[in-house]
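Numbering of the sequence shown is given in my numbering, commencing with residue 13 and proceeding in unit increments. Here a beta-carbon is modelled for each residue, glycine too, at the ideal position from N, C-alpha and C. Keep in mind it's a predicted model, so treat the numbers as computed, not measured. What follows is one structure encoded as structure tokens, with my remarks underneath.
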Amino acid sequence: MATANGSAFPREYRISVSKDHIRTLRDPHNKDLNIHHAYIRIKDFPNGKIPDDVNPRSHEKPSGGVAEGIKTSLEGTPKWFHVLNRGILVIAEKAWYNNRTEKLHIIISSDDEGGLADGATTDRVIRNVKRDVSSADFESLAAHEIPEHLRDAFVHVEIISGGIGDMLVPLTRRGIRATRFRNSLSKIWAADLIG
Numbered sequence: 013m014a015t016a017n018g019s020a021f022p023r024e025y026r027i028s029v030s031k032d033h034i035r036t037l038r039d040p041h042n043k044d045l046n047i048h049h050a051y052i053r054i055k056d057f058p059n060g061k062i063p064d065d066v067n068p069r070s071h072e073k074p075s076g077g078v079a080e081g082i083k084t085s086l087e088g089t090p091k092w093f094h095v096l097n098r099g100i101l102v103i104a105e106k107a108w109y110n111n112r113t114e115k116l117h118i119i120i121s122s123d124d125e126g127g128l129a130d131g132a133t134t135d136r137v138i139r140n141v142k143r144d145v146s147s148a149d150f151e152s153l154a155a156h157e158i159p160e161h162l163r164d165a166f167v168h169v170e171i172i173s174g175g176i177g178d179m180l181v182p183l184t185r186r187g188i189r190a191t192r193f194r195n196s197l198s199k200i201w202a203a204d205l206i207g
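This is the structure we're talking about:
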């Protein structure tokens, strides 16, 4: 189950994650920058609740082939979803994992300095699939009310936190470009990254 502390910023999200499904890496060039990789159960991720203003594309009403492919993959091959889907990238002021409680904590300082930087289409498609299950808040559902494909599916979530500086947050000219590149399948040239 995921929880957040309301709509004011900073916002903290607490997400259940098995200790077998999370790893933290320290950036080799910046000791303050941490990168967390987690496989999070679809039922536990707060889909549609993490802001996505740092993402250069709109995702409120996902449609088309990509969105349909995500939904088909989630419903048809839920045990492979975390492998087949590119996942979700969250930019956070701070993130850490508590081994005792098995909770991943993510702090977003503001909607223009953190949130979903990539994978928001995946996030919104999952949110919509959850809404199709019940009009009740998904996190309030009992286990027997959640379809098997949503109990068994995981999504890969990457969280970049800490000493991000001018790389992505706050959104500088370079930050917007880096986020845009992370959101595309286009080739990135070294000249594109030079301020």
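Using a Cβ-Cβ cutoff of less than 7 Å, which residues in the same chain neighbour residue i once the five nearest sequence positions on both sides are dropped?
| i | result |
| --- | --- |
| His108 | Going by the sequence as given, residue 108 is Trp instead of His. Hits under 7 Å: His117. |
Whose C-beta lies closer than 8 Å to the C-beta of residue i among residues of the same chain, with five residues either side of it excluded?
| i | result |
| --- | --- |
| Leu183 | Only weak support is given to the placement of Leu183: the predicted model assigns it a pLDDT of 39, under 50, and the value that follows is read from those uncertain coordinates. Within the same chain, Leu183 has close Cβ partners Val66, Asp124, Glu125 and Thr191. |
| Lys7 | The displayed coordinates of the chain run from 13 to 207. Any statement about residue 7 would go beyond what the structure contains. |
| Gly127 | Ile62, Pro63, Asp64, Asp65, Val66, Asn67, Val102, Ile103 and Ile120 |
| Val145 | Leu153, Glu157, Ile158, Pro159 and Leu162 |
| Ala155 | Arg163 |
Do you know how far the Cα of residue j is from the Cα of residue i?
| i | j | result |
| --- | --- | --- |
| Arg136 | Pro74 | 7 Å |
| Ile119 | Lys61 | 13 Å |
| Glu4 | Gly77 | Nothing about residue 4 can be read from this structure; the chain reaches only from 13 to 207. |
| Arg185 | Asn42 | At Arg185, the pLDDT of 39 sits below 50, so the modelled position is not reliable; the number obtained from the coordinates is stated separately. Rounded to whole angstroms, Arg185 to Asn42 spans 21 Å at the Cα level. |
| Val29 | Ile54 | 11 Å |
| Lys31 | Asn111 | 6 Å |
| Val169 | Ile47 | 10 Å |
| Asn59 | Gly175 | 26 Å |
| Ala50 | Pro63 | 19 Å |
| Leu153 | Gly99 | 24 Å |
| Glu157 | Thr84 | 21 Å |
| Gly88 | His33 | 22 Å |
| Ala148 | Glu160 | 18 Å |
| Arg143 | Phe150 | 7 Å |
| Thr113 | Glu80 | 36 Å |
| Phe57 | Arg35 | 17 Å |
What is the C-beta distance between residue i and residue j, in whole angstroms, given that I count them as a contact (C-beta under 8 Å)?
| i | j | result |
| --- | --- | --- |
| Thr134 | Ile82 | 6 Å |
| Val141 | His94 | Contact doesn't hold; Cβ gap of about 15 Å is too wide. |
| Leu86 | Ile138 | 7 Å |
Please list, in chain order, all residues of the same chain as residue i whose beta carbon is under 6 Å from its beta carbon, the five residues on each side excluded.
| i | result |
| --- | --- |
| Leu45 | Asp39, Gly174 and Gly175 |
| Leu162 | Ile54 and Lys55 |
| Leu37 | Ile47 |
| Ser122 | Phe21 |
- request: Quick one: which unbroken alpha helix (DSSP H) runs of 4-plus residues sit fully inside the segment 94 to 182? Chain order, please.
  value: For the segment 94 to 182, whole alpha helix (DSSP H) runs of length 4 or above, ordered along the chain, are 132 to 145 and 160 to 164.
field: Completely contained alpha helix (DSSP H) runs for the segment 21 to 56, where each covers 4 or more residues
entry: With a minimum length of 4 residues, no continuous alpha helix (DSSP H) run stays inside the segment 21 to 56.
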